[in-house]
Structure formats: structure tokens, C-alpha cells
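Beneath this line is the structure, given in C-alpha cells, with notes to follow.
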Amino acid sequence: MNLRTFLMAAVFLSQMTIAHAQLNVDTKQFNPGSGAAVTRQKNLVQLSWPAGLQTQGKVTFDLSPGNPLFKTIALTAGGESHTISEDLDAAFLLSIGKRDLLSQNGWNIFFDKVPLRPYKTFPVTLKKTGITVKSTGSRTIVVIGNLVADRFAGELEITFYHGSPLFNVAAVMSTKADATAIVYDAGLVSRTQKWSSLSWTSTADQVQTAPVQYAESSKNLSVKYRTISAQGKAGALALFPAPHQYFYPLDEAFNLKFIWHGKDYRNMVDGYGMGIRQELEGDRRFVPWFNAPPGTRQRLNFFCLLSEKGHHDALDAVKKFTNADRYVSLPGFKTMSSHFHNEFIMNVVLAGKPVPEKPEFVDVFKRMGVDMVHLGEFHYTAHPKGPDSLRLRELKALFEQCERLSDRDFLLIPGEEPNEFFGGHWLQIFPKPVYWIMSRQKGVPFVENRPGFGKVYHVGDKDDMLRLLKEEGGLAWTAHARTKGSVNAPDIYNHEDFFKSDRFMGAAWKAMPADLSQPRLGNRVLDLLDDMNNWGEKKTVISEADLFTITHENEMYAHMNVNYMMLDELPAYRQGWKPVVEAMQKGRFFSTTGEVLIHDLRINGHFSGETLRLHADGTADVRLKLSWTFPMNFVEIISGDGNKVYRERIDLTATQAFGAKDFQFRPKLKGRKWVRVEAWDSAVNGAFSQTFYLK
Numbered sequence: 005m006n007l008r009t010f011l012m013a014a015v016f017l018s019q020m021t022i023a024h025a026q027l028n029v030d031t032k033q034f035n036p037g038s039g040a041a042v043t044r045q046k047n048l049v050q051l052s053w054p055a056g057l058q059t060q061g062k063v064t065f066d067l068s069p070g071n072p073l074f075k076t077i078a079l080t081a082g083g084e085s086h087t088i089s090e091d092l093d094a095a096f097l098l099s100i101g102k103r104d105l106l107s108q109n110g111w112n113i114f115f116d117k118v119p120l121r122p123y124k125t126f127p128v129t130l131k132k133t134g135i136t137v138k139s140t141g142s143r144t145i146v147v148i149g150n151l152v153a154d155r156f157a158g159e160l161e162i163t164f165y166h167g168s169p170l171f172n173v174a175a176v177m178s179t180k181a182d183a184t185a186i187v188y189d190a191g192l193v194s195r196t197q198k199w200s201s202l203s204w205t206s207t208a209d210q211v212q213t214a215p216v217q218y219a220e221s222s223k224n225l226s227v228k229y230r231t232i233s234a235q236g237k238a239g240a241l242a243l244f245p246a247p248h249q250y251f252y253p254l255d256e257a258f259n260l261k262f263i264w265h266g267k268d269y270r271n272m273v274d275g276y277g278m279g280i281r282q283e284l285e286g287d288r289r290f291v292p293w294f295n296a297p298p299g300t301r302q303r304l305n306f307f308c309l310l311s312e313k314g315h316h317d318a319l320d321a322v323k324k325f326t327n328a329d330r331y332v333s334l335p336g337f338k339t340m341s342s343h344f345h346n347e348f349i350m351n352v353v354l355a356g357k358p359v360p361e362k363p364e365f366v367d368v369f370k371r372m373g374v375d376m377v378h379l380g381e382f383h384y385t386a387h388p389k390g391p392d393s394l395r396l397r398e399l400k401a402l403f404e405q406c407e408r409l410s411d412r413d414f415l416l417i418p419g420e421e422p423n424e425f426f427g428g429h430w431l432q433i434f435p436k437p438v439y440w441i442m443s444r445q446k447g448v449p450f451v452e453n454r455p456g457f458g459k460v461y462h463v464g465d466k467d468d469m470l471r472l473l474k475e476e477g478g479l480a481w482t483a484h485a486r487t488k489g490s491v492n493a494p495d496i497y498n499h500e501d502f503f504k505s506d507r508f509m510g511a512a513w514k515a516m517p518a519d520l521s522q523p524r525l526g527n528r529v530l531d532l533l534d535d536m537n538n539w540g541e542k543k544t545v546i547s548e549a550d551l552f553t554i555t556h557e558n559e560m561y562a563h564m565n566v567n568y569m570m571l572d573e574l575p576a577y578r579q580g581w582k583p584v585v586e587a588m589q590k591g592r593f594f595s596t597t598g599e600v601l602i603h604d605l606r607i608n609g610h611f612s613g614e615t616l617r618l619h620a621d622g623t624a625d626v627r628l629k630l631s632w633t634f635p636m637n638f639v640e641i642i643s644g645d646g647n648k649v650y651r652e653r654i655d656l657t658a659t660q661a662f663g664a665k666d667f668q669f670r671p672k673l674k675g676r677k678w679v680r681v682e683a684w685d686s687a688v689n690g691a692f693s694q695t696f697y698l699k
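See the structure below:
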């Protein structure tokens with residue numbers, strides 16, 4: 005060996021030694037008394053955590069360059085170890101496009117078509133520069149190395165939830181670039197061909213199982229419950245996304261094959277894997293993707309759940325996190341969902357098609373546990389301004405079908421998105437069927453009696469509309485406030501008499517726009533609720549779905565939400581639904597994605613929508629009973645003084661999955677005029693109350 009070769013070899017060995025020495029394992033923030041344990045042997049780091057039912061979960065990370073990151077994933081019970089999977093890598097594809105920040109309302113835009121402009125998809129690459137293990141409440145978080153995808157950079161974050169065989173894998177990444185919109189695909193890639201079979205639930209709600217064919221090219225699947233499971237040596241690993249956060253808003257809830265499995269996914273993932281995916285062109289209407297503002301930490305993430313019993317047990321365990329995509333019954337409440345443009349009347353009843361005895365859309369809602377559905381029919385499909393004969397025929401058909409399809413356990417409430425008179429887009433509800441026409445010619449009376457219809461109203465302007473709402477006890481509110489067709493509403497008319505009236509309820513909430521860096525959904529309307537409170541208006545906000553087609557095939561649950569109305573019984577259609585309208589107007593309800601439930605909330609003994617007096621020291625007693633499926637993240641008490649908004653966040657990371665608890669808080673609210681409560685979990689599912697008013 006000549007001197008030059010010897011020196012080059014010495015430098016190489018020195019660099020390798022330095023690289024090994026620089027592989028730092030940081031446990032300064034890890035609590036050994038938490039129930040978890042960390043050990044290291046050279047480049048192998050093993051983490052164990054209490055996985056519930058006297059079971060320990062164990063993951064061994066291999067930090068050697070070129071080796072699969074997850075060397076083993078196992079469950080141990082009664083001294084017996086069950087290796088669930090081996091030699092896996094996390095895989096992420098990040099699609100980066102351009103956000104339109106100019107044509108509408110900045111980051112609140114929905115009417116964007118990101119995939120019609122240039123975009124590119126990049127594999128996210130991991131460099132194993134080090135590992136940090138830290139304890140946060142009842143969870144252990146492992147942070148590994150550096151991640152890079154084009155202009156995005158960050159680290160891999162794996163969160164293990166104590167008390168459950170559940171963990172979350174997240175590429176947490178940021179960019180400095182402005183006007184960026186993103187979507188991501190993700191999953192796990194098998195490196196040693198030790199999976200034997202895959203399993204999922206079909207959209208017909210039947211479990212399907214197929215042997216793993218490692219040479220088979222990747223396929224995209226339409227599934228129910230958004231989950232796929234892989235059988236390993238001694239158990240199954242189920243993989244699924246956050247049930248609501250992963251799905252950016254669309255007009256349609258089509259099932260766009262959100263699961264993938266196979267070899268060389270998109271010709272960008274090396275090896276055989278399984279995971280979650282997005283259809284980049286969405287429903288081919290407006291496709292906004294996710295916001296990624298500069299400097300925000302975007303969490304490209306998915307969940308994994310382990311079972312030593314195999315596929316069926318794993319899939320059933322995942323279903324429990326969303327109550328099998330059903331809104332559970334709560335004593336003293338009835339569930340209501342709003343804003344559906346199903347167009348059953350115009351597309352079926354009045355189109356000369358056979359009218360089914362039991363329409364599919366009704367069965368969809370019943371199976372989801374929705375007690376009441378408020379429709380948004382005639383959305384640019386009918387004759388809202390007349391001629392009178394056509395308009396009255398359409399309304400009569402709507403009322404007849406709503407009555408026919410309602411029963412003792414289900415109420416179908418007629419409603420429209422009129423979008424006339426007030427400005428922007430808005431919805432309305434009356435406590436009973438009301439015949440009204442959205443035009444009033446000179447000399448035409450405001451109200452008249454028509455044979456076969458009774459009272460018929462003609463509405464010609466905003467004053468007529470407010471008069472109608474008052475006379476019939478109806479409500480109006482801003483649909484998709486501050487976005488879509490309400491980009492400047494209700495701000496642009498918050499000084500108007502109709503807005504200040506108690507007949508104008510407020511606005512409706514939906515998780516729109518979407519931003520993977522946020523710990524809660526739908527800030528757009530939650531912030532509006534705070535603004536309306538500070539304006540001095542007593543307004544409420546219901547959740548809305550704003551969807552068109554409703555079928556069993558659709559991914560309905562991901563795009564849905566529901567309002568739990570404080571009602572002991574369901575109103576009968578023929579008696580009208582005045583109790584529902586009153587609960588909406590008075591704030592006697594809470595809204596939720598379904599996983600977090602507010603069984604009871606009282607402040608100084610009062611319910612939401614009521615006015616209360618603070619204690620002499622400016623505090624109040626908050627009594628809150630919550631239940632949840634995913635481990636909770638926090639409760640937030642939001643208040644305002646007419647100018648500023650104040651937030652007090654109570655950390656709930658000590659909670660475990662599937663819990664319930666009575667909480668007591670005593671916030672300082674001196675000088676405040678209102679207060680409300682939100683609760684959010686680790687998958688960014690949540691619930692929020694209506695406002696309490698302070699003397």
C-alpha cells in the first residue's frame with residue numbers, strides 16, 4: 005500500500021468513526037418513570053411502552069445508514085413476544101404546488117385548482133443524524149434525523165401512546181417559500197418480505213383479505229374506514245390516517261381510493277409497501293389541497309395500530325376510534341347535520357325518474373347516527389324566483405318528500421341556500437314548511453293565501469326577507485363564511501339590521517381550509533365566532549357539511565361533522581321542528597367531528613347561550629364532562645373583552661385512548677364579556693361549545 009492509499013484509507017476510517025460517534029441519542033427529556041423504557045446497543049435503539057392490558061409494545065430502530073429504520077415492531081404479553089413486523093421504512097411523497105393568494109381571501113381560499121397549475125412530487129428522504137426520545141404526558145415521542153423534500157426540511161417524529169398499541173408516524177416539515185399548497189402520500193415499505201397477507205374493509209362493509217405478492221405493482225383501493233392491515237410473523241399492523249385532518253375540503257365526498265399497496269408505488273417508493281394516498285385532482289371541481297404557509301410545521305402523518313390476534317382484531321380496533329364511523333347517541337341530545345345539496349327533488353322526484361321507497365341518501369344518514377338532516381336543496385337547479393307555479397310545485401314536492409322520509413327516529417328538514425337579498429351565500433331554516441318565492445313584482449302583496457298551499461310569501465329585498473324570518477320564526481346564517489361565495493361575509497354586512505336581528509343566527513363551521521400544522525380544524529369560523537362575540541352580537545355557529553352526492557360508496561365520515569342539539573326527543577315532522585330552531589338560535593348545542601363529545605358543560609351552573617355573573621374575584625367555575633376515542637391533546641377556554649381574544653390552554657396529553665372525565669376549571673375572566681370552550685385530540689378531531697355571555 006503506497007502512502008497516498010494509506011492516508012486515504014485512514015481518512016475514511018476516521019470519518020466513519022466520527023460519524024458513528026456523532027450518532028447522538030438524546031434522552032434528556034425522557035422520563036424513565038413514565039412506564040416506557042429506552043435502551044441502546046450500537047446503532048440499535050429500542051423503545052418499549054405500556055400498550056394496555058398488561059402488554060408492552062416494542063420498537064427497535066436501526067440507525068445504521070442503508071438499513072430499514074424499523075428493525076422490529078412487537079407486542080409482549082405474559083413474557084411472550086409477538087413480532088408483528090420487521091425491517092420496515094416509513095415512506096412519504098410530498099406534492100408541492102402553488103396557492104392562489106390573490107383572487108379571493110388569501111389562505112382562506114377554497115375556489116382554487118392547484119393541480120391545474122405546475123406542481124411536482126418529491127420523495128421525502130431521511131438522513132439518520134441522531135435520535136431524541138422525550139416524554140410528554142402519557143406519550144413517548146421519538147425524533148429522528150433530518151428529512152428533506154425539495155424546499156421542505158424537517159425531522160421524522162414517531163409518537164407512542166401509552167395504554168394503547170397505537171403510534172403515529174409523522175414527517176414534520178417546513179418551508180420558507182410563500183404561497184405553497186401541498187398534499188402527501190405515506191406508508192410503510194417492507195424490506196424483507198415477511199408480510200404474508202393484507203386486509204381491508206370494502207365499501208360494502210365486508211372484510212377482504214389477499215396474499216401479499218411482492219412482485220405485484222402497486223394498486224389503489226376504495227375502502228371503508230380508511231384502513232389497511234398487514235399480517236406479519238405473529239400479528240397484524242393496521243395503518244390509517246387521521247380520520248378528518250387527512251382529507252382536505254372538496255364539494256364531493258367521493259371515495260377516491262385513499263389506500264394503496266404493492267411494489268414501487270407511483271414509481272417513486274422503492275420496494276413493496278402499503279399506505280394512504282391522495283388523488284391529486286380531487287373531485288375535479290375545486291381542489292385546494294392543504295395550506296403550507298412559510299415557517300409552519302406541517303405534519304405529514306399516519307397512525308399504526310398493532311394486534312397479536314391478526315387482521316380482524318386490528319381492523320375492528322381501528323373502527324372503534326371513529327365509533328365505526330357513527331355518531332353515538334348521548335342522553336339529552338339529538339344529532340343534526342346541515343347543508344347538503346343532494347338535489348333529490350330536482351334530479352329524481354321532478355325529473356320523471358322512479359322515486360325509491362327508501363332513498364340511499366336517507367339510509368346513509370341513518371347508519372351514521374344522524375337523527376336530523378337539514379337540506380340545502382334547489383342549489384342553482386330550480387326556480388327560486390318563479391314563475392310561481394313552478395316554484396310552488398318544487399316546494400310542495402320538497403315538503404312532501406321530507407314528510408314521507410321522516411319517521412319517529414329520523415327527521416328530514418327542508419332547507420335551501422337562497423343566496424339572495426343579503427349578500428354572499430347563506431342558508432335558512434323555518435320551524436315548519438313555508439311557501440315563499442324569491443321575487444316580488446310591483447303591486448304584488450308580501451303575503452297572500454293560495455288554494456292548495458295556504459300562505460304564500462313574495463320576497464323582493466332584504467327587508468322583506470327579514471320580515472319573513474320574523475313572521476315565520478325562521479333563521480338565516482352565513483354559509484361557508486369568509487370563503488367560497490361568502491368571501492367577505494358576514495363582515496361586509498355586520499352593520500345591517502338583518503344581521504343584528506336575532507333571526508340571523510350567525511355562521512356555519514367546516515374544516516376549511518385545511519392546514520396540517522394546526523392542532524385544531526376550521527380556524528376560519530372559530531375565529532369568526534370570536535369576532536362576532538367581540539362585535540357585541542349574540543350569534544351561534546353550527547357545523548355544516550356542504551356536500552353534494554351522498555352514497556354508501558362515498559367517504560362520507562371524513563368530510564362530515566355533526567351538531568348535538570339539547571333535545572330530549574325528536575320532533576315529529578307534522579308538529580314542526582321549532583325546538584330545533586330554538587336550540588340553534590339560543591346556542592343549546594355543541595358541534596363535533598364525532599370522536600370528542602361534550603356530555604355536559606356548565607359555567608357557574610349555566611348552559612351555553614345563557615348569561616351568567618362571575619364570582620366576586622372575577623373567576624368562574626367551569627364544569628366539563630368529556631369523552632374521547634383518540635388520546636386528547638388539550639382543552640381551550642376562549643374569552644374576549646370586546647376587543648381582544650384570550651386563550652387559556654389546559655394540557656391533556658396525560659390522557660389515554662378511550663377515556664371520559666369530569667373536569668373542573670376556574671379561569672380568571674375579569675373584564676371579559678363572553679367565554680366558550682373547545683376540546684381537541686391527538687388526531688386533530690374536536691368539539692366546540694357555543695358562547696356563554698358574562699355580566
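Using our numbering, the first residue of the sequence shown is number 5, and each one after it goes up by one.
By construction, the Cβ of each residue, glycine as well, lies at the ideal position given by its N, Cα and C atoms.
Minimum Cβ-Cβ distance from residue i to chain C less than 8 Å
| i | result |
| --- | --- |
| Leu284 | The displayed structure is made up of one protein chain only, and chain C is not part of it. |
Whole-Å CB distance - residue i paired with residue j, under 8 Å assumed
| i | j | result |
| --- | --- | --- |
| Gly349 | Arg395 | Reading the sequence as shown, one finds Ile at residue 349 and not Gly. Not confirmed; about 12 Å, so no contact. |
| Asn35 | Leu67 | The pair is not a contact, with the Cβ atoms about 22 Å apart (cut-off 8 Å). |
| Pro169 | Leu309 | 6 Å |
| Leu97 | Thr125 | 5 Å |
| Ala242 | Val322 | 5 Å |
| Pro54 | Gly167 | 6 Å |
| Gly700 | Leu431 | Only positions 5 to 699 of the chain appear in the structure, and residue 700 is not among them; the question remains open. |
Through-space distance from residue j to residue i, alpha-carbon basis
| i | j | result |
| --- | --- | --- |
| Leu73 | Gln58 | 27 Å |
| Asp685 | Arg444 | 50 Å |
| Arg670 | Asp625 | 5 Å |
| Thr659 | Arg143 | 9 Å |
| Trp539 | Lys665 | 34 Å |
| Trp632 | Glu614 | 26 Å |
| Asp531 | Asn567 | 18 Å |
| Asp154 | Ile100 | 9 Å |
| Gln235 | Lys261 | 21 Å |
| Gln694 | Leu284 | 36 Å |
| Glu573 | Thr339 | 11 Å |
| Ala240 | Thr213 | 12 Å |
| Glu398 | Thr385 | 11 Å |
| Thr231 | Thr205 | 8 Å |
| Asn305 | Val679 | 33 Å |
| Leu107 | Val211 | Per the sequence shown, residue 107 should be read as Ser rather than Leu. Each residue's alpha carbon lies about 46 Å from the other. |
| Thr300 | Pro517 | 15 Å |
| Ala219 | Gly266 | 8 Å |
| Leu601 | Leu673 | 25 Å |
DSSP-derived helix/strand/coil call for residue i
| i | result |
| --- | --- |
| Ile162 | strand |
| Leu618 | coil |
| Leu698 | strand |
| Asp625 | coil |
| Trp481 | strand |
| Asp287 | coil |
| Asn271 | helix |
| Trp430 | strand |
| Trp293 | coil |
Span of the alpha helix (DSSP H) around residue i
| i | result |
| --- | --- |
| Gln405 | 392-409 |
| His563 | 560-563 |
| Glu640 | Where Glu640 is concerned, there is no enclosing alpha helix (DSSP H), although the beta strand (DSSP E) it sits in stretches over 636-644. |
| Val366 | 364-371 |
| Met536 | 527-538 |
Continuous beta strand (DSSP E) stretch holding residue i: start and end
| i | result |
| --- | --- |
| Tyr568 | 566-569 |
| Glu84 | 84-102 |
| Phe171 | 170-178 |
| Arg412 | Note, Arg412: premise wrong, no beta strand (DSSP E); not H, not E. |
| Lys667 | Residue identity differs from the one stated: residue 667 is Phe in this sequence, not Lys. Where Phe667 is concerned, the enclosing beta strand (DSSP E) stretches over 663-669. |
message: Please give me, in chain order, every unbroken run of the alpha helix (DSSP H) with length at least 4 that falls completely inside the segment 573-608.
response: 582-590
Secondary structure, alpha helix (DSSP H): runs of 4+ residues fully inside the segment 301-337: 315-324
message: What ranges does the beta strand (DSSP E) occupy inside the segment 222-255, keeping only unbroken runs of at least 3 residues that lie completely in it?
response: 223-225, 228-235, 240-244
message: For a minimum of 4 consecutive residues, which ranges assigned as the alpha helix (DSSP H) are wholly contained in the segment 27-56?
response: For the alpha helix (DSSP H) assignment, the segment 27-56 encloses no uninterrupted run of at least 4 residues.
task: Give, in chain order, every unbroken run of the beta strand (DSSP E) that is at least 3 residues long and sits entirely within the segment 433-471.
output: If we require 3 residues or more, the beta strand (DSSP E) runs fully inside the segment 433-471 come out as 439-441, 451-454, 458-462.
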